[in-house]
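Worksheet: the structure to be examined is printed underneath.
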Amino acid sequence: GSFKAETFESLFAFRLNCKYDFKNIVTAAEFFYDGVLECENFYSFNVIEMEGVNAEKIYIYPSSASKLEIATGTNINISTTRGLDRVFKSLPKSLSNAYYTRLKLLPVSIMTLISIEGDNINIDHVKADRVSGLNVKIGDLCVIDRVEYKGNIEVSEKAIINEVIKL
Numbered sequence: 011g012s013f014k015a016e017t018f019e020s021l022f023a024f025r026l027n028c029k030y031d032f033k034n035i036v037t038a039a040e041f042f043y044d045g046v047l048e049c050e051n052f053y054s055f056n057v058i059e060m061e062g063v064n065a066e067k068i069y070i071y072p073s074s075a076s077k078l079e080i081a082t083g084t085n086i087n088i089s090t091t092r093g094l095d096r097v098f099k100s101l102p103k104s105l106s107n108a109y110y111t112r113l114k115l116l117p118v119s120i121m122t123l124i125s126i127e128g129d130n131i132n133i134d135h136v137k138a139d140r141v142s143g144l145n146v147k148i149g150d151l152c153v154i155d156r157v158e159y160k161g162n163i164e165v166s167e168k169a170i171i172n173e174v175i176k177l
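With positions in the sequence shown counted from 1, the corresponding number in my numbering is that position plus 10.
Printed below as a string of structure tokens:
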């Protein structure tokens, strides 16, 4: 089968295992997908399990229970700060923005990825082998093996980075 929608909103644990065409994906519960998930805007407030996500705008609440190898996009935000930005607030959704403001989030933990690649990257509570971007902000409790950047870089005193390379 196949799904098509402007916004796919998942409020309960869900495994997507079919062809889909979603512009926006919002997950408030556990979300599973086999392969690399592609859409324009991806917002996850709970555990995710997939090979990768490729989107213009990515927000992921970090969780050690999540299994994600690669995040690729234009604007990537993996952070304990809620991603309720202008884009999120303008998305067509079945639940109000107030619901997501009050949503009880998981306990803070460190999320592990292999690679994060994008133009604008803002992360905290992340362990990754490689982070590569134009403008990169490495926040608290990040452990990164290699950071590559072209434009600007900002690193928290509470982050550990093995190697920083200006491209």
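Just so you know, even glycine gets a beta-carbon here, dropped at the ideal spot from N, CA and C.
Since the structure is predicted, the reported quantities are computational estimates derived from the model, not experimental observations.
Query	Result
Have a look at the DSSP bridge pairing and note the partners of Leu-26.	Tyr-43
What residue ranges within the region 60-108 form continuous alpha helix (DSSP H) runs of no fewer than 4 residues, ordered along the chain?	96-100
Spatial neighbours of Asp-9 within its chain, please: C-beta separation below 6 angstroms, excluding the five flanking residues on both sides.	It is not possible to answer for residue 9, since the shown part of the chain is limited to 11 through 177.
Does the beta-carbon distance from Ile-131 to Ile-86 come in below 8 angstroms?	yes
Report the option in Gly-62, Arg-112, Glu-19, Asp-31 whose CA atom is closest to the CA atom of Tyr-53.	Glu-19
Taking the beta carbon of Leu-105 as the centre, do at least 16 other beta carbons fall within 10 Å, making it buried, or is it exposed?	exposed
Can Lys-33 and Glu-50 be called in contact, C-beta distance under 8 angstroms?	yes
Just tell me which of Thr-91, Lys-103, Lys-67 has its CA closest to the CA of Ser-73.	Thr-91
For Tyr-30, which residues in the same chain have their Cβ closer than 6 angstroms to its Cβ, ignoring the five residues on either side in sequence?	Phe-13
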